[in-house]
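Heads up, the sequence shown is in our numbering, so the first residue is 662 and it goes up one at a time.
The C-beta atom is built at its ideal place from N, Cα and C for all residues, glycine as well.
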Amino acid sequence: MPESNNLQTINSWRTILSTATITATSLIVAGYTTYQLSKQYQKDKEIPTIKDGVEELIGNTPMVKIKSLSKATGMEIYAKMELCNPAGSAKDRVALNIIKTAESQGQLIRGQPGWVFEGTSGSTGISIAMICNSLGYRAHISLPDDTSLEKLSLLESLGATVNKVKPASIVDPDQYVNAAKKACDTLLKDHSGAKGVFADQFENEANWKVHYETTGPEIWKQMDGHIDAFIAGCGTGGTISGVSKYLKEAKNLHGKCHVVLADPQGSGFFNRINYGVMYDYVEKEGTRRRHQVDTIIEGIGLNRITKNFHLGESFIDESIRVIDKQAIRMAKYLSVNDGLFVGSSTAINAVAAVDLSRNLKPGSRIVIIACDSGSRHLSKFWKEARDVERDISLDKVMEA
Ligand SMILES: Cc1ncc(COP(=O)(O)O)c(C=O)c1O
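Right, dumping it as structure tokens:
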């Protein structure tokens, strides 16, 4: 081959190579820029938009991995942070849905004065009071006169009308739930035309439905559809019924999600779920003791079947009993090892997760509900939990 032809070939190869290099570099730069832009777009999407009132802050709560328990058990254990709702608990969802349902039925009219009545010594009253303030309604909360000072103070700070009644059995017409219903009936019968609704969280179906429509789907999405077990306690039953119904239906696509009801000492759900008998099916709350469920844990545990529990009962596979001492130690363990400062029902769920992990395959993914923060429980539960030694081992936490 003549020398000039060789040179020509070398030159054309050079041209091809440099063109290829330029093209490859441009592609890499373009790809990287697109990647950076999409990362920025993703970040911007994660920045919450402006909300038109606190009620719009409800829901879409974060999911956090509990690193200490995951490492110790070989599982992946996550907490659905319901305590991040604006009034501090999962009850915000319920209170808002009860109010919206009442509005859809004409019991309340947005923009006109109206009252929401509830009998509660727990978080629901605080959620109702906060949302009523934002939507222009008034809250009327009946509660036992020995309710903890932090809850009373919160309700009063929110400007709710607080009706303190003597602790009594539910068969007593002056018991706080009955007192709330009576106060609502009185308002509706006084011919002033004033609007009002009795929230009735135990029986009102707006409760489980909101967990079915929001909490369940959020959990599903956050876990990319891979959840081996879900754990919650049961107060009214709204959370466990709504979420487990959703997960059981959604899980049909991928397999099974094992649903566990974490139950405190003294509550009847453990026997009801595992053996089919409540301690006494017809027994009414408070017929024999001031607190029928004899535990330091607040918000969960009951000895009667509520509508919200009943409607979701068939989706619950198992109940795990947790005693107060385990929950108290677990709360301190989570606080010290993970910076998670949680209330008593969350601690119960965490104990149940560790217990359950003994029967699951390594790497199984468990979600627990973190219903409220430890700050709601400073004067009772945390008074005991704060004295637990800082370096307590998980084995010691779990000791019965
Ligand atoms: C602190 C706390 N955790 C858990 C629950 C249980 O939720 P549910 O009523 O949906 O069963 C409640 C209910 O009042 C609660 O107050």
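Next on the checklist: Can you list, in chain order, the residues of its chain with a C-beta nearer than 6 Å to that of Ala800? Leave out the 5 residues immediately preceding and following it.
Outcome noted: Val777, Ile789, Ala790, Cys793 and Ala821
Checklist entry - Which first and last residues belong to the beta strand (DSSP E) in which Lys1057 is found? => result Not the beta strand (DSSP E): Lys1057 falls in the alpha helix (DSSP H), residues Leu1055 to Met1059.
Checklist entry - Just reading off the beta strand (DSSP E) that Ala1008 is part of, what are its end residues? => result That residue, Ala1008, is in no beta strand (DSSP E); its alpha helix (DSSP H) goes Ser1005 to Ser1018.
Checklist entry - Is Thr686 near ligand 1, in the sense that its beta carbon is under 7 Å from a heavy atom of that ligand? => result no
Next on the checklist: Here's the rule I'm using: 16 or more other beta-carbon atoms within 10 Å means buried, otherwise exposed. How should Trp869 be labelled?
Outcome noted: buried
Checklist entry - Quick one: what does DSSP say Asp713 is sitting in, helix, strand or coil? => result coil
Next on the checklist: Given a cut-off of 8 Å on the beta-carbon distance, is the pair Arg982 and Val1058 in contact?
Outcome noted: no
Checklist entry - Within 10 angstroms of its Cβ, does Tyr942 collect 16 or more other Cβ (buried), or is it exposed? => result Reliability fails at Tyr942, whose pLDDT of 38 lies under 50, so the model's placement of it is uncertain and no value is given.
Item to check | With 16 other Cβ atoms within 10 Å as the buried cut-off, status of Glu910 | outcome: exposed
Next on the checklist: Using DSSP's beta-bridge definition, name the partner residues of Asp924.
Outcome noted: Arg982
Checklist entry - Would DSSP call Val613 helix, strand or coil? => result In the structure displayed, the chain extends from 662 to 1061; residue 613 sits before or after that span and is not available.
Item to check | Ala681 classed as buried or exposed, judged by whether at least 16 other C-beta atoms fall within 10 angstroms | outcome: exposed
Checklist entry - Does the Cβ-Cβ distance between Thr875 and Arg1019 come in under 8 Å? => result no
Checklist entry - Between Ser752 and ligand 1, is the CB less than 7 Å from at least one heavy atom? => result It is Lys, not Ser, that sits at residue 752 in the sequence shown. Yes; taking the cut-off as 7 Å, the Cβ of Lys752 has a heavy atom of ligand 1 nearer than that.
Checklist entry - With distances taken from CA atoms, which of Ser687, Ser1054 and Met724 is nearest Lys882? => result Met724
Next on the checklist: Quick check: does the Cβ of Ser1006 come within less than 7 Å of any heavy atom belonging to ligand 1?
Outcome noted: yes
Next on the checklist: Out of Gly714, Val715 and Lys700, which one is the CA nearest neighbour of Ile708?
Outcome noted: Lys700
Next on the checklist: With the cut-off set at 8 Å, would you say Asn924 and Gly894 are in Cβ contact?
Outcome noted: First, the residue type needs correcting, since residue 924 is Asp and not Asn in the sequence shown. Result yes, Cβ atoms of Asp924 and Gly894 sit closer than 8 Å.
Next on the checklist: So, with DSSP's three-state summary, where would you put Ser795?
Outcome noted: helix
Checklist entry - Rounded to a whole number of angstroms, what is the C-alpha to C-alpha distance between Lys732 and Ser782? => result 37 Å
Item to check | Secondary structure of Met939, DSSP reduced to three states | outcome: coil
Next on the checklist: Is it buried or exposed, Gly937, if we count other Cβ atoms within 10 angstroms and call 16 or more buried?
Outcome noted: exposed
Next on the checklist: Going by DSSP, what residue range makes up the alpha helix (DSSP H) through Ala867?
Outcome noted: Ala867 to Val871
Item to check | Unbroken stretches of the beta strand (DSSP E), 3 residues or longer, contained in the region 832–912 | outcome: 856–859 and 890–893
Next on the checklist: Taking a contact to mean a Cβ-Cβ separation below 8 Å, would you say Leu810 touches Ser1034 in this structure?
Outcome noted: no
Checklist entry - Hey, is Ile892 close to ligand 1, as in C-beta under 7 Å from one of its heavy atoms? => result no
Checklist entry - Can the beta-carbon of Thr785 be found less than 8 Å from the beta-carbon of Lys752? => result yes
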